[in-house]
Ligand SMILES: [Zn+2]
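Residue numbers (my numbering): 44 to 609.
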């Protein structure tokens, strides 16, 4: 048990107790708002201490210690919650999740997350069809892989027709395949390859017959998706509310959002609405994605003239630019000198504005192009105080990690290979896979590392799946990949997903740990993350999630505690 009872509040209470007037704590003693007692409260402080009880006052942790000690801080209005011995962790923070886009689309999409058979996935489509308005689109925009299904294959056109023939259907697999059914092709007026975006064509079987699936490069798939109708405002608000509520159920109390494809500036309206109505159940920190190729610097300058770095509050805050800075350096492994010059100009401008920058980069073999530019900027304007980051880079080499460390650039690491490892192994070999991602090496170098998912097109949003992946490197279809030398401890995986992620929001001294003075963001878990078998970590859920001391999610034994927000 820790006894971090150094707050003046407790000292005051202690003095009152010592002089024998504890039964008459006057109103001026300002009792705490809330006590959590009888728990296993994981603080993630420097000593890795665990506390039995925690007091909350004005949205922050007021004190930690034993229930007996902390009860002295209570007054008649103090709410007391008995945790029943359950484990409490600092609220999780996904440091790279397309939560704004996911929410915007959530009410109008069908989700295949966690379906273990194709039949189950098709059943979800059938039931969505039964609920949907006539002629409404049914869209599966990603977040699944055939490898999650027992038979490990994509659905056929005929199977989709059998469950949803009356609706236009769009099913996207990563950024490589799309199935649009007959009703959808009619709606989009697609009759042949010529009607598809450049870079896409109909897949044909050995006999030359179209399978119904469209194959294409990322740009073509993004372009195809953009032809789909957008949700109505009411759907966007409802979807955002619903998606964020699901994140609360996973114990997430914060997200860092990097914009994304198919997400226009006007699509943020639903998020802003919920913020204005004090309805956000978690803290959203967001950056903006370059809106238009060729106009990157103009667009960033225009947009941020009224949106300086850090604009917002504790619930919604602007955190700079990325993950697309310039289109010429986005998913381009062979950028020209001109591409690099354009990137340099935007990055240099951002550095001079004191702005945070996050950059999407996939492969170590080409990341030297990016690091060269970042080093050039850094020679002119030091970027270390600005919390810049590189997202993904699953195969980061020691040399790249060292260059990032020297720049003070952090690494946003996700569990993308939980789905994609088999194709990665086919391309790179198992030896490379064993050190991918190099979590322990990066932490050992003292690099800032944030946990996350990159949900919900390429990956699912469940943070416990991501943490289990950190701890066993097992893919969705059970293949063991990462070697023991790159497997962090459970505590370290949790630190990556809490204080590690908080660093990228400039918040590691306010959240990510449970200590007096920190924001009271926490989750009471269904099972003990530290003692369940690793394979069961993915099944953990939050039973009670609090953000700033407010209950934003409650279930099971805590049902009924969920209150209206602020
Ligand atoms: Zn990315």
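The beta-carbon is built from N, C-alpha and C at its ideal position, and this holds for glycine as well.
* To do: Would you mind working out which of 215, 138, 496 sits nearest residue 328, comparing C-alpha positions?
  => Locating residue 328 in the chain shown gives position 285, counting from the first residue. Looking at the Cα atoms, 138 is the closest of the given residues.
Secondary structure, beta strand (DSSP E): runs of 3+ residues fully inside the segment 134-166:
135-137
Exercise for the section: Can you say whether residue 602 is buried or exposed, counting buried as having 16 or more other CB atoms within 10 angstroms of its CB? Expected result: Translated into positions along the chain shown, residue 602 becomes position 559. The residue is exposed, with fewer than 16 neighbouring Cβ atoms inside 10 Å.
#### Entry: Identity of the residues DSSP links to residue 215 by a beta bridge
Within the chain shown, residue 215 is the residue found at index 172, counting from 1. Per DSSP, 221.
*Min CB distance residue 579 to chain B below 8 Å*: Among the chains in the structure shown there is no chain B, since it carries only a single protein chain.
From the DSSP output, in three-state form, read off residue 493 for me.
Counting from one through the chain shown, the residue named residue 493 turns up at place 450. Strand.
- request: Note down, in chain order, each residue of its chain lying with its Cβ closer than 7 Å to the Cβ of residue 590, except the 5 sequence neighbours on either side.
  value: For this step, residue 590 is matched to residue 547 along the chain shown. Cβ within range, chain order: 134, 296, 324, 325, 326, 564.
What would DSSP say about residue 246, mapped onto helix, strand or coil? For the purposes of this step, residue 246 is identified with residue 203 of the chain shown, where counting begins at 1. Three-state result, residue 246: strand.
Should residue 434 be counted as a contact of ligand 1 given a C-beta to heavy atom distance under 7 Å? The count along the chain shown starts at 1 and reaches residue 434 at position 391. Yes, the beta carbon of residue 434 sits closer than 7 Å to at least one heavy atom of ligand 1.
To the nearest angstrom, report how far apart residue 141 and residue 176 are at their CA atoms.
Along the chain shown, one-based indexing puts residue 141 at 98. Along the chain shown, one-based indexing puts residue 176 at 133. Going from the Cα of residue 141 to the Cα of residue 176 covers about 27 Å.
request  = Please determine, among 441, 437, 448, 423, the residue with the shortest C-alpha to C-alpha distance to residue 431.
outcome  = Within the chain shown, the letter at position 388 stands for residue 431. Here the closest residue by C-alpha is 448.
What do you get for residue 287, buried or exposed, if any count of 16 or more other CB atoms within 10 angstroms of its CB means buried?
Within the chain shown, numbered from 1, the residue matching residue 287 stands at position 244. So residue 287 counts as buried.
Taking the beta strand (DSSP E) that residue 100 belongs to, which residues open and close that run? Stepping through the chain shown from its first residue, residue 100 is reached at position 57. Here the beta strand (DSSP E) through residue 100 covers 96-100.
task: Since I believe residue 204 is in contact with residue 224 (beta carbons under 8 Å), could you give me their beta-carbon distance rounded to a whole number of angstroms?
output: On the chain shown, residue 224 is found 181 positions in, with the first residue counted as 1. On the chain shown, residue 204 is found 161 positions in, with the first residue counted as 1. 6 Å between Cβ atoms; contact.
- Among 92, 298, 245, which residue has its Cα nearest to the Cα of residue 496? Position 453 of the chain shown holds residue 496. Comparing Cα positions, the closest option is 298.
TODO: Taking only heavy atoms of ligand 1 into account, decide whether any of them is closer than 7 Å to the Cβ of residue 504.
DONE: Taking the first residue of the chain shown as 1, we reach residue 504 at position 461. No.
Suppose contacts are defined by Cβ-Cβ distances below 8 Å. Is residue 368 in contact with residue 394 by that definition? Reading the chain shown from its first residue, position 325 is the one you call residue 368. Reading the chain shown from its first residue, position 351 is the one you call residue 394. For residue 368 and residue 394, no; Cβs fall outside 8 Å.
I'd like to know if the segment 480-487 and the segment 252-271 are in contact, where contact means that at least 3 CB-CB pairs between them fall below 8 Å. no
Query raised in the report: For the candidate residues 446, 479, 552, 273, whose alpha-carbon lies nearest to that of residue 489?
Result: Within the chain shown, numbered from 1, the residue matching residue 489 stands at position 446. Among 446, 479, 552, 273, the Cα nearest to that of residue 489 belongs to 446.
Helix, strand or coil for residue 132 per DSSP?
Sequence index remark: in the chain shown, residue 132 carries index 89 (1-based). Here residue 132 sits in strand by DSSP.
Worksheet item: Within 10 angstroms of its Cβ, does residue 362 collect 16 or more other Cβ (buried), or is it exposed?
Response: Position 319 of the chain shown, counted from the start, is the residue given in the question as residue 362. Buried: at least 16 other Cβ atoms inside 10 Å.
Checklist line | Cβ pair count under 8 Å reaching 3, the segment 251-266 against the segment 204-218 | finding: yes
- Message: Would you call the segment 152-165 in contact with the segment 314-321, where contact means no fewer than 3 C-beta pairs closer than 8 Å?
- Response: no
Check: Would you call residue 542 buried or exposed, if buried means 16 or more other Cβ atoms sit within 10 Å of its Cβ?
Finding: On the chain shown, residue 542 is found 499 positions in, with the first residue counted as 1. Looking at its Cβ environment, which holds 16 or more other Cβ atoms inside 10 Å, residue 542 is buried.
field: Cut-off 7 Å between Cβ atoms - residues of its own chain near residue 217, not counting five sequence neighbours on either side
entry: Position 174 of the chain shown, counting from 1, holds the residue named residue 217. 185, 501.
Over the uninterrupted alpha helix (DSSP H) stretch that includes residue 387, give me the two end residues.
Taking the chain shown and counting its residues from 1, the one referred to as residue 387 is at position 344. Run containing residue 387: 380-395, per the alpha helix (DSSP H) assignment.
Three-state class that DSSP yields for residue 361 in the structure shown: Along the chain shown, read from residue 1 onward, the residue named residue 361 stands at position 318. Residue 361 falls in the strand class under three-state DSSP.
Notebook entry, point to check: Ordered along the chain, which non-local residues of its own chain (more than five positions away) have a Cβ less than 6 Å from that of residue 227?
Noted result: Translated into the one-based positions of the chain shown, residue 227 becomes position 184. 211, 212, 213, listed in sequence order.
What residue range is occupied by the uninterrupted alpha helix (DSSP H) comprising residue 515?
Walking along the chain shown from the start, residue 515 turns up at place 472. Taken as a continuous stretch (DSSP letters only), the alpha helix (DSSP H) holding residue 515 covers 506-515.
Contacting residues, own chain, Cβ-Cβ under 8 Å from residue 292 (five flanking each side not counted):
Walking along the chain shown from the start, residue 292 turns up at place 249. Closer than 8 Å at Cβ, skipping near neighbours: 584, 585, 588, 596, 598.
Every unbroken alpha helix (DSSP H) inside the segment 286-358 [4 residues or more]:
312-319, 339-347
- Is the closest heavy atom of ligand 1 to the C-beta of residue 345 under 7 Å? Along the chain shown, read from residue 1 onward, the residue named residue 345 stands at position 302. No, the beta carbon of residue 345 sits no closer than 7 Å to any heavy atom of ligand 1.
Inter-residue spacing [alpha-carbon to alpha-carbon] between residue 238 and residue 262: The count along the chain shown starts at 1 and reaches residue 238 at position 195. The count along the chain shown starts at 1 and reaches residue 262 at position 219. If I take the Cα positions, the gap works out to 15 Å.
| field | C-alpha gap between residue 592 and residue 466, whole angstroms | value | Sequence index remark: in the chain shown, residue 592 carries index 549 (1-based). Sequence index remark: in the chain shown, residue 466 carries index 423 (1-based). One C-alpha to the other measures close to 44 Å.
* To do: Indicate the three-state DSSP secondary structure (helix, strand or coil) for residue 519 in the structure shown.
  => Taking the chain shown and counting its residues from 1, one reaches residue 519 at position 476. In this structure, residue 519 counts as coil in the three-state DSSP scheme.
Whole-number beta carbon distance between residue 173 and residue 181, since they are thought to touch under 8 Å
To locate residue 181, count along the chain shown from 1; it is residue 138. To locate residue 173, count along the chain shown from 1; it is residue 130. Actually they do not touch by this definition, with Cβ atoms about 11 Å apart.
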